[in-house]
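Numbering (UniProt numbering), first residue to last: 1 to 133. Ideal placement from N, C-alpha and C gives every residue a C-beta, glycine not left out.
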C-alpha cells in the first residue's frame with residue numbers, strides 16, 4: 001500500500017477540510033487530534049480522510065505493547081508496530097490496520113461502544129427524571 005500513490009499533503013482540497021499544520025511535521029485535525037510520525041505517513045500514503053475518515057483520538061500507547069502507537073479513525077484503526085508485537089500482517093510497513101473482529105482492535109471498539117452506551121444510559125436517566133417533574 002505505502003509508496004504506491006502520491007502522498008497527500010496539506011494543500012489537498014479534501015485534507016484542507018479537516019487538517020492544518022500542527023508544527024514539527026504533525027497534522028492537527030479539526031477535532032484537536034494530532035497525527036504524527038509513521039502513523040501520519042501511513043495515513044497520507046493510503047488515502048487519508050477519504051479512506052480512514054478523521055482520527056478519533058491521539059495515539060494510544062498500550063503498556064503491554066511497548067514501542068507501538070494506535071490511532072483509531074472513523075473507518076479504520078491504524079497501528080504503528082514495527083516489531084510486530086500486536087499482529088504480523090503481510091505488509092512492508094511499520095504501520096498496518098488492526099483486526100476488528102478480535103484482539104486489540106476489537107477491544108478498542110468495545111471500549112468506545114461501552115462509553116457510548118453509558119452516556120446514552122445517563123441521558124435516558126436524566127430525561128426520565130425530568131419527565132417526573
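Residue j beta carbon less than 7 Å from that of residue i
i, j, result
"residue 53", "residue 74", "yes"
"residue 80", "residue 63", "no"
"residue 96", "residue 90", "no"
"residue 29", "residue 55", "yes"
"residue 8", "residue 44", "yes"
"residue 50", "residue 15", "no"
Per-residue DSSP class, three states only, for residue i
i, result
"residue 50", "helix"
"residue 38", "helix"
"residue 78", "strand"
"residue 61", "coil"
"residue 120", "helix"
"residue 84", "coil"
"residue 94", "coil"
"residue 70", "strand"
"residue 13", "helix"
Selection from the options that minimises the alpha carbon distance to residue i
i, options, result
"residue 70", "27, 98, 46 and 17", "98"
"residue 24", "133, 129, 45 and 35", "35"
"residue 82", "131, 19, 37 and 20", "37"
Beta-carbon contacts of residue i that lie in its chain and below 8 Å, excluding the five residues immediately before and after
i, result
"residue 57", "33, 71 and 72"
"residue 10", "16, 19, 20, 21 and 27"
"residue 85", "65, 66, 67 and 68"
Same chain, Cβ closer than 7 Å to residue i, five either side skipped, listed in chain order
i, result
"residue 39", "59, 69, 71, 78, 80 and 95"
"residue 42", "2, 78, 93 and 95"
Cβ-based burial, residue i [other Cβ within 10 Å; buried from 16]
i, result
"residue 31", "exposed"
"residue 46", "buried"
"residue 133", "exposed"
Cβ neighbours of residue i in the same chain (closer than 6 Å, five flanking residues each side left out)
i, result
"residue 126", "none"
beta-carbon residue i near the ligand NAP non-hydrogen atom, thresh 6 Å
i, result
"residue 58", "Only the bare structure without any ligand can be found here, which leaves the ligand NAP out of the picture."
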